[in-house]
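Q: I'd like to ask some things about the structure below.
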Amino acid sequence: MNGASCLIFHSDYPIRNQLHVLQLSDERLRRIDPPFANSMPEFSILGSCNGLLCLINTLFRESISLYNPFSRAYLELPKNYDLQDQVIVYGFGFHPVTNDYKVIKIAYHTVSFYRRMARNFRGFKTHQTRQESEVRVYSLSRNVWENKGTVPYRLEKWSSPGILVSGRLHWVSLWGKFNGCLSRAIVAYDMSDDSFHVIMNPGSVRGPFGRWAGCNLAALDGRLCAAVPVPPGHGALDIWILKEYGVSESWVKEYSVGVYYPVSMISPEQERSLGVWRNMVGKKSVRLLCVLRSGEVVLEYRGGGLVAYDPGSGSLRELVFDGMPRIYQTTHHVGSLQSAASPL
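Shown next, in the form of structure tokens:
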């Protein structure tokens, strides 16, 4: 299991909170029986890193846990109650230099909150705080949550869980002033020193009306990628890759994926009636997951459907495996029976 690349399917239908793991090397699928099924009957996967999954209890969101699906070891983190009644965006990662796992919470109040405060409290200045977010960081090595103050931007609520590349977690921001213009950008958190940085998005999709609003981030072959939807078709997107990390001018549009409708995809009406994806952290039409040995890029379509895109031919094919759940959310995971710096 060590170093094995796999996909983990989190399924809520027909039975809630079922986990299955697919080994990409031999395409074997098996079910996982988590040890916390009774204590945490409702959960979402916040992220995967270095053999561990980060889970959140969706009935009690202060409850966050780390779980190794192969060794079945499980650790509930200390609870942090600081960020009540706020939008929270999460991240999870490991840095080899500090040899430490961290969970990050970045929280802000909605515009409606500030309007309500302005109505109820005379003199309340909405413009002074609207773009700020509070930051809390949990360190596994110290087993404590720390207040890291505020940062001068907010992150998209449905942004993918922080994408780990070059020792930094990455999210898409909400609209703000970046380099003097109204746009979105990529906000990066450095796992080694708790600092924040801004990476500008590809120039052709900037601006308040750009397609960047619907993008999601991913890490493919160790590089930061952005999947930017191409209107109006379902699932059509451009995949941009940051060739040289930290250099915004090195964004390159690597692939263009055409419109595709997976056979297994359910309708929006079915999705709402079944209540699936109710806790999905990245509510995008299409998500980038990983690259197969064949060079094909694996995409997950909201509404169901795992699809392989062949960059050489531009073709798309749906991936179906024996025992695969009907409706699911997918996490790319590199398995390990024992993770570095972890008691799990």
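In this text, residue positions in the sequence shown follow full-length UniProt numbering: the first is 1, and each later residue adds one. Built from N, CA and C at the ideal position, the CB exists for glycine as well. It should be emphasised that the depicted structure is a prediction, and the values quoted were computed from it without experimental measurement.
Skipping 5 residues on each side, what residues in its chain have a beta carbon closer than 6 Å to that of residue 8?
A: On the sequence shown, position 8 is the one that residue 8 refers to. Closer than 6 Å at the Cβ level, and outside the excluded window around residue 8, lie 21, 331 and 333.
Q: Hey, residue 136 and residue 82: beta-carbon distance below 8 Å or not?
A: Looking up residue 136 in the sequence shown gives position 136. Looking up residue 82 in the sequence shown gives position 82. Yes, the Cβ-Cβ distance between residue 136 and residue 82 is below 8 Å.
Q: Of the choices 166, 138 and 214, whose alpha-carbon is the least far from that of residue 175?
A: As a first step, residue 175 must be located in the sequence shown, where it is residue number 175. Checking every option, the nearest Cα to that of residue 175 belongs to 214.
Q: Using CA coordinates, which residue listed in 85, 39 and 108 is at the minimum distance from residue 74?
A: As a first step, residue 74 must be located in the sequence shown, where it is residue number 74. That would be 39, whose Cα lies nearest to the Cα of residue 74.
Q: Below 8 Å between beta carbons: does that hold for residue 94 and residue 54?
A: Locating residue 94 in the sequence shown gives position 94, counting from the first residue. Locating residue 54 in the sequence shown gives position 54, counting from the first residue. The answer is no: Cβ separation not under 8 Å.
Q: Cα separation between residue 320 and residue 189?
A: For the purposes of this step, residue 320 is identified with residue 320 of the sequence shown, where counting begins at 1. For the purposes of this step, residue 189 is identified with residue 189 of the sequence shown, where counting begins at 1. If I take the Cα positions, the gap works out to 36 Å.
Q: Mind checking who residue 200 pairs with in its DSSP beta bridge?
A: As a working note, residue 200 is residue 200 in the sequence shown. BP columns for residue 200 point to 185.
Q: Between residue 77 and residue 66, is the Cβ-Cβ spacing less than 8 Å?
A: For the purposes of this step, residue 77 is taken as the residue at position 77 of the sequence shown. For the purposes of this step, residue 66 is taken as the residue at position 66 of the sequence shown. Going by C-beta atoms, residue 77 is nearer than 8 Å to residue 66.
Q: Between the alpha carbons of residue 419 and residue 329, how many angstroms are there, rounded?
A: With the chain covering 1 to 344 only, the question about residue 419 has no answer from this structure.
Q: How many Å lie between residue 11 and residue 237 at the Cα?
A: Within the sequence shown, the letter at position 11 stands for residue 11. Within the sequence shown, the letter at position 237 stands for residue 237. Their Cα atoms are separated by approximately 26 Å.
Q: What is the C-beta distance between residue 108 and residue 154, in whole angstroms, given that I count them as a contact (C-beta under 8 Å)?
A: By one-based count along the sequence shown, residue 108 stands at place 108. By one-based count along the sequence shown, residue 154 stands at place 154. Rounded, the Cβ-Cβ distance is 5 Å, consistent with contact.
Q: Whole angstroms are fine: how far does the CA of residue 313 sit from the CA of residue 161?
A: For the purposes of this step, residue 161 is taken as residue 161 along the sequence shown, with counting starting at 1. For the purposes of this step, residue 313 is taken as residue 313 along the sequence shown, with counting starting at 1. One C-alpha to the other measures close to 30 Å.
Q: Using 10 angstroms around the beta-carbon of residue 41, count the other beta-carbons present and answer buried if the total reaches 16, otherwise exposed.
A: For the purposes of this step, residue 41 is taken as residue 41 along the sequence shown, with counting starting at 1. Exposed: under 16 other Cβ atoms inside 10 Å.
Q: Quick one: what's residue 219 bridged to in DSSP?
A: The sequence position of residue 219 within the sequence shown is 219, counting from 1. In DSSP, residue 219 forms a bridge with 224.
Q: Let me make sure I understand the geometry here. Which of 303, 248, 230 and 62 has the alpha-carbon closest to that of residue 13?
A: Mapped onto the sequence shown, residue 13 falls at position 13. Closest option to residue 13, Cα to Cα, is 303.
Q: Do you know offhand how far residue 247's Cα is from residue 199's?
A: By 1-based counting over the sequence shown, the position of residue 247 is 247. By 1-based counting over the sequence shown, the position of residue 199 is 199. For residue 247 and residue 199, the distance between alpha carbons rounds to 8 Å.
Q: Measure the alpha-carbon distance for residue 50 versus residue 102 and round it to whole angstroms.
A: Working through the sequence shown from its first residue, we reach residue 50 at position 50. Working through the sequence shown from its first residue, we reach residue 102 at position 102. C-alpha separation (whole angstroms): 12 Å.
Q: Using DSSP bridges, identify the partner residues of residue 51.
A: The residue labelled residue 51 in the question sits at position 51 within the sequence shown. In the DSSP output, where bridge partners are listed per residue, residue 51 has none listed.
Q: Taking the DSSP output, what are the residues bridged to residue 297?
A: For this step, residue 297 is matched to residue 297 along the sequence shown. Paired residue(s): 291 and 309.
Q: Which value, in whole angstroms, describes the spacing of the CA atoms of residue 43 and residue 69?
A: Taking the first residue of the sequence shown as 1, we reach residue 43 at position 43. Taking the first residue of the sequence shown as 1, we reach residue 69 at position 69. Rounded to the nearest angstrom, the two C-alpha atoms are 14 Å apart.
Q: How big is the Cα-Cα spacing for residue 307 and residue 16?
A: Here residue 307 refers to the residue found at position 307 of the sequence shown. Here residue 16 refers to the residue found at position 16 of the sequence shown. The straight-line gap from Cα to Cα measures roughly 24 Å.
Q: What number of angstroms, rounded off, separates the C-alpha of residue 186 from the C-alpha of residue 173?
A: As a first step, residue 186 is located in the sequence shown; it is residue number 186 there, counting from the start. As a first step, residue 173 is located in the sequence shown; it is residue number 173 there, counting from the start. The straight-line gap from Cα to Cα measures roughly 6 Å.
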